[in-house]
Amino acid sequence: MSVKGCFTDFHIDFGGTSVWYHVFRGGKIFWLIPPTLQNLELYEEWVLSGKQSDIFLGDRVERCQRIELKQGYTFFIPSGWIHAVYTPVDSLVFGGNILHSFNVPMQLRIYEIEDRTRVRILDSLLNFVTVACPFLFLSLLFLSEKQELMGSPCQNC
């Protein structure tokens with residue numbers, strides 16, 4: 178639940194997780210910035226500057242886009258996307274974060290940014306290394322076994 182007028186400044190969801198939202202009642206406005214190398218560097222500089230309240234990050238980056246979600250809309254933000262959120266009316270929104278194998282390099286990059294910018298432990302993915310390392314190991318093991326079963330794609334080259 179969020180009340181009219183709430184604003185969450187630009188951030189990246191913890192651990193580079195993807196996030197989904199469903200607007201049950203009310204609405205949300207998002208400003209979205211793609212996670213290019215340049216945008217991530219600008220984001221990190223902005224966080225470390227301590228001037229977040231003086232500088233609207235969307236004015237400094239490539240391709241900041243505004244999206245308005247209305248009642249009944251469902252929305253998915255991929256790993257690493259920088260975003261800000263405004264609540265124009267009292268709203269009831271459901272959502273959640275997802276740590277998955279579809280963008281591991283981005284998740285690791287965001288983890289490094291969180292470390293360099295000293296993101297508070299409460300605002301980060303608790304036990305990221307404890308969760309991510311075994312997951313990555315099992316994913317790589319699965320991929321290598323799958324490749325062995327299927328053979329090299331260039332064995333006839």
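Heads up: the sequence shown at position 58 corresponds to 235 in my numbering, and the numbers run straight through without jumps.
Glycine residues also receive a C-beta, built at the ideal position from the N, C-alpha and C atoms.
Below 8 Å on the Cβ atoms is my contact criterion, and I expect residue i with residue j to pass it. Report the Cβ-Cβ distance as a whole number of Å.
i, j, result
"glycine 193", "arginine 286", "7 Å"
"histidine 260", "isoleucine 210", "7 Å"
"glutamine 248", "glycine 203", "6 Å"
Roughly how many angstroms lie between the CA atoms of residue i and residue j, to the nearest whole one?
i, j, result
"leucine 269", "phenylalanine 201", "6 Å"
"tryptophan 208", "cysteine 241", "6 Å"
"tryptophan 223", "serine 195", "22 Å"
"proline 265", "histidine 199", "16 Å"
"serine 179", "isoleucine 232", "24 Å"
"valine 262", "glutamate 245", "10 Å"
"leucine 225", "arginine 295", "9 Å"
"methionine 283", "leucine 214", "10 Å"
"glutamate 289", "leucine 276", "16 Å"
Whose CA, out of the options, lies closest to the CA of residue i?
i, options, result
"phenylalanine 187", "Leu214, Gln229, Lys247", "Gln229"
"glutamate 291", "Phe233, Ile254, Ile275, Leu217", "Leu217"
"tryptophan 258", "Asp267, Asp231, Glu221", "Glu221"
"proline 255", "Trp223, Ser278, Glu245, Val266", "Ser278"
"leucine 234", "Ile189, Thr251, Pro282, Asp267", "Ile189"
If the criterion is Cβ atoms closer than 8 Å, does the pair residue i and residue j meet it?
i, j, result
"arginine 237", "leucine 219", "yes"
"phenylalanine 184", "asparagine 274", "no"
Helix, strand or coil, according to DSSP, for residue i in the structure here?
i, result
"tryptophan 223", "helix"
"phenylalanine 279", "coil"
"glutamate 218", "helix"
"tyrosine 288", "helix"
"arginine 243", "strand"
"arginine 293", "helix"
"phenylalanine 233", "coil"
Of all the CB atoms in chain C, is at least one closer than 8 Å to the CB of residue i?
i, result
"threonine 185", "Among the chains in the structure shown there is no chain C, since it carries only a single protein chain."
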